[in-house]
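Sequences listed follow chains S and U, in order.
So for the first sequence, our numbering puts the first residue at 1; every next one is plus one.
So for the second sequence, our numbering puts the first residue at 73; every next one is plus one.
Just so you know, even glycine gets a beta-carbon here, dropped at the ideal spot from N, CA and C.
These numbers were taken from a predicted model, which means no experiment stands behind them.
Quick notes on the structure that follows.
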Amino acid sequence: MKPSLISTILLCMLWWLAGCAQVRPYEREMLADPIMSFSRDPLSDQYLNHVYDVREGARGATTTQGGGCGCN
Amino acid sequence: MKDFKQLVNRYRARDRERIAPLLLLAGFLIFPCTGPAAVLPDDRADTLYHYYDGGGVSVRGPALLVRKSVMDNVSLSGRYYVDTISSASIDVVTTASPYKDKREEYGVGIDYLHGNSLLGVNLSSSKENDYLANSFGMNVSHDLPGGLTTIHLGYSQGHDIVQRVDTSFEDEINRYNFRLGVTQVLTRSLLLGVDFEDIAEEGYLSNPYRSARVLGASLPERYPRTRDSQAIAVRAVQAFSSESRPAISSLRAEYRYFQDNWGISSNTLTFTLQRYFGDRVLGEARYRYYQQSAASFYSDNFTTEMVYMARDKELSTFSSHSLGYKVSWKFLNRKYSVFDRMSLNFSHDYINFDYKDFTDIRTGETYSFGANVLQLYISAWY
């Protein structure tokens with residue numbers, strides 16, 4: 001199955017889940033903690049993603065946006 | 073359905089180059105701005121020293137990222153990154169001589185907060201003695217009313233120049249990235265994210281130094297001049313509370329599926345566990361599994377000369393396991409400093425690569441190696 005089709009299905013599911021979610025502003029204390037971030041330390045995560053990018057065939061859909069590099 | 077596929081096929085790289093920025097701008101303009109929900113990134117500076125050692129390659133160098141807001145709705149960022157490379161990798165020792173190189177990368181960015189939308193623009197430039205890369209990117213994040221759903225759109229475009237140090241060879245690569253993502257708050261302790269990225273490239277995508285093997289003889293690699301890939305990632309993070317702290321630990325799980333028109337498909341699975349130990353120490357343990365299939369024009373040793381030929385181990389069938397940890401120590405009291413807080417961080421990952429159809433021609437065995445990745449960095453918030 002094409003990733004673009006999977007993405008569409010997942011985004012529709014997420015949209016449906018969004019309708020079910022009810023979290024009041026005063027209930028979001030846990031969500032604001034740094035350990036709930038998908039990328040707590042941007043520079044460190046950029047570096048680690050770069051380490052994997054240059055050694056693997058796959059790329060993209062990470063939590064950081066890489067810069068240009070002479071990776072090949 | 074066939075007509076629809078033809079329509080999709082016509083949507084090639086050059087079309088995306090024109091359409092994506094317009095879509096991004098349209099997305100920014102049509103999002104209703106109904107009150108301040110989005111926020112600017114933190115004002116912080118990170119100074120990092122990185123070290124990689126594995127497979128005969130050592131890479132080290134400093135990196136710096138500084139971000140500062142000006143006025144209430146603009147944040148500026150600057151980035152500097154250095155790779156000092158000493159390479160005697162298996163590719164190098166079997167077909168060429170070990171070499172040393174240095175890559176420097178500069179980046180600047182600006183983020184603008186408008187209502188509950190965040191618009192970002194960034195530029196980056198990278199230079200080494202045989203490779204130049206410049207890129208430009210735009211991002212939009214928008215919090216939907218209620219603040220539980222955030223939509224991300226992104227487009228970037230890059231132009232690389234590929235050279236050889238020992239000849240006058242020069243060619244170029246154009247790269248177009250299009251990103252779409254959603255982050256959703258599901259409960260008071262659970263976040264879910266879905267990200268999609270399409271990358272199209274055209275130009276010289278091979279390595280001018282690397283050789284393919286045909287019946288044991290070396291011939292220059294030949295790659296297609298276009299590549300189109302899609303990646304979809306699903307990630308979730310769940311917090312756990314204790315009596316002393318609302319969020320004392322969290323577990324993050326991520327899965328990414330990737331495929332491209334070179335025949336590579338891959339699966340990546342990552343788990344990250346974070347936990348506070350007292351007020352000052354934050355520990356992190358992580359595991360990552362990666363697996364990919366080979367490109368259709370990859371062979372360890374071709375039996376006949378083909379139009380496209382590659383023997384790059386990054387295009388072979390392989391898997392890797394990575395195990396790592398990070399310790400962060402908060403060490404500053406804001407009463408005695410201009411900074412709100414600072415932290416000292418140390419991170420170590422061990423990665424084991426296991427190649428299924430890439431032979432070490434020195435031994436005749438399939439190749440594998442382990443690598444250590446170390447990071448030491450200081451972060452300051454102000």
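By the Cβ criterion, the segment 313 to 322 of chain U is not in contact with the segment 274 to 294 of chain U, since fewer than three pairs of Cβ atoms, one from each stretch, lie closer than 8 Å.
Taking 7 Å as the cut-off, the beta carbon of residue 275 (chain U) is found closer than this to the beta carbon of residue 246 (chain U). Exposed is the label assigned to residue 26 (chain S), since fewer than 16 other Cβ atoms lie within 10 Å of its Cβ. Annotated three-state conformation of residue 229 (chain U) is strand, per DSSP.
Annotation: residue 221 (chain U) to residue 298 (chain U) spans about 36 Å, alpha carbon to alpha carbon. When the alpha-carbon of residue 194 (chain U) is set against those of U:398, U:184 and U:428, the nearest one is in U:184. Secondary structure note for residue 195 (chain U): its beta strand (DSSP E) is the uninterrupted segment 189 to 200. Residue environment analysis places residue 5 (chain S) among the exposed positions, since fewer than 16 neighbouring C-beta atoms fall within 10 angstroms of its C-beta. With 16 or more neighbouring CB atoms inside 10 Å of its own CB, residue 211 (chain U) falls in the buried class. Residues of chain S with a Cβ closer than 8 Å to the Cβ of residue 122 (chain U) are, in chain order, 47. Taking a cut-off of 8 Å on C-beta distances, the segment 256 to 269 of chain U does not touch the segment 228 to 236 of chain U, as fewer than three cross pairs fall below it. When C-alpha distances from residue 163 (chain U) are compared across U:201, U:449 and U:434, the shortest belongs to U:434.
Scanning its chain for C-beta atoms nearer than 8 Å, with the 5 sequence neighbours on each side dropped, one finds around residue 40 (chain S) the residues 34, in chain order. Between the C-alpha atoms of residue 414 (chain U) and residue 113 (chain U) there is a straight-line separation of about 16 Å. A buried status is given to residue 188 (chain U), since no fewer than 16 other beta-carbon atoms sit within 10 Å of its beta-carbon. Looking at the DSSP output, residue 255 (chain U) bridges to U:222 and U:265. By the beta-carbon neighbour count (other beta carbons within 10 angstroms, threshold 16), residue 417 (chain U) is buried.
When DSSP assignments are scanned along the segment 326 to 357 of chain U, the uninterrupted stretches of beta strand (DSSP E) that are 3 or more residues long and fall wholly within it turn out to be 337 to 349. Under the Cβ criterion of 7 Å, residue 43 (chain S) is counted among the residues facing chain U. Contact between residue 444 (chain U) and residue 427 (chain U) is absent: CB atoms are separated by about 19 Å, not below the 8 Å threshold. Here residue 196 (chain U) has 179 and 207 as same chain residues with Cβ atoms under 6 Å from its own Cβ, once five neighbours each way along the sequence are excluded.
In this chain, the alpha helix (DSSP H) harbouring residue 43 (chain S) covers 42 to 53. With a beta-carbon spacing of about 14 Å, residue 394 (chain U) and residue 364 (chain U) fall beyond the 8 Å limit used to define contacts. For the pair residue 227 (chain U) and residue 63 (chain S), the Cα-to-Cα distance works out to about 15 Å. Residue-level contact check: residue 343 (chain U) does not touch chain S, since none of the beta carbons of chain S fall below 7 Å from its beta carbon. With a threshold of 7 Å between beta carbons, residue 289 (chain U) makes no contact with chain S.
The beta carbon of residue 254 (chain U) sits closer than 6 Å to those of 223 and 266, all from its chain and outside the five residues before and after it, given in chain order.
Rounded to whole angstroms, residue 158 (chain U) and residue 129 (chain U) show a C-alpha spacing of 6 Å.
By the neighbour-count criterion, in which a residue is buried when 16 or more other Cβ atoms sit within 10 angstroms of its Cβ, residue 58 (chain S) is buried. Here residue 257 (chain U) is buried, its C-beta having at least 16 other C-beta atoms within 10 Å.
Under the Cβ distance rule, residue 10 (chain S) counts among the residues neighbouring chain U, one pair being separated by less than 7 Å. Between the alpha carbons of residue 289 (chain U) and residue 300 (chain U) lies a distance of about 30 Å. Beta-bridge annotation (DSSP): residue 210 (chain U) is paired with U:193 and U:227. Looking at the backbone, the Cα of residue 154 (chain U) and that of residue 199 (chain U) are separated by about 10 Å. Look at residue 163 (chain U) here: in three-state DSSP terms it is helix.
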